[in-house]
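Asker: In terms of numbering that gives the first Met the number 0, the sequence shown opens at residue 0 and continues consecutively. The beta carbon of each residue, even a glycine, is placed where N, CA and C say it ideally should be. Right, I'll just put the structure down here and ask away after.
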Amino acid sequence: MRRIKKVQSKYFKAVKEGRKPFEVRLADFACKEGDVLILKEQKDGTDELTGREEALEVLFKFNTKEMEKFHTKEEIKKYGFVILGIRKKFN
Numbered sequence: 000m001r002r003i004k005k006v007q008s009k010y011f012k013a014v015k016e017g018r019k020p021f022e023v024r025l026a027d028f029a030c031k032e033g034d035v036l037i038l039k040e041q042k043d044g045t046d047e048l049t050g051r052e053e054a055l056e057v058l059f060k061f062n063t064k065e066m067e068k069f070h071t072k073e074e075i076k077k078y079g080f081v082i083l084g085i086r087k088k089f090n
């Protein structure tokens, strides 16, 4: 399945450059591993599209609601979540 989402220019550029190998979204749409996410670049601070887009394969999906299994609502409210872009460290 293909999903189309708009993304602000600074985040689009980070994805395109390979510095942002993740996407954080409100979980208001169906998506599964193997789906294609089409990111359409927006000018920062506007809804205007630049015309650039990037097709990306969904490799992994994690809904933050699952974190309630590991932490109390009070902990979540106090600390929030951090999303980390990670990769294997090569020497």
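If we count the other Cβ atoms within 10 Å of its Cβ and call it buried at 16 or more, is Glu168 buried or exposed?
Answerer: No statement about residue 168 is possible, as the shown extent of the chain runs from 0 to 90 and does not include it.
Asker: Enumerate in chain order the residues of its own chain whose CB-to-CB distance from Met66 is below 8 Å, with the five nearest sequence positions on each side excluded.
Answerer: So the list reads Ile75, Phe80, once near-sequence residues are dropped.
Asker: Leu102 and Leu25: beta carbons closer than 8 Å?
Answerer: Any answer about residue 102 is impossible in this case: the structure gives the chain only from 0 up to 90.
Asker: Contact check, Asp34 vs Arg86 under 8 Å by CB: the rounded distance?
Answerer: That belief does not hold up - the Cβ atoms of Asp34 and Arg86 are roughly 22 Å apart, past 8 Å.
Asker: Taking the alpha-carbon positions, what's the Glu32 to Leu83 distance?
Answerer: Each residue's alpha carbon lies about 19 Å from the other.
Asker: Ser8 and Asp46: beta carbons closer than 8 Å?
Answerer: Going by C-beta atoms, Ser8 is not nearer than 8 Å to Asp46.
Asker: Would you list the residues sitting across from Ala54 in a DSSP beta bridge?
Answerer: According to DSSP, Ala54 bridges with Ile37.
Asker: Going by beta-carbon coordinates alone, are Arg51 and Phe11 separated by less than 8 Å?
Answerer: Going by C-beta atoms, Arg51 is nearer than 8 Å to Phe11.
Asker: Going by DSSP in three states, Ile75 sits in which element: helix, strand or coil?
Answerer: In this structure, Ile75 counts as helix in the three-state DSSP scheme.
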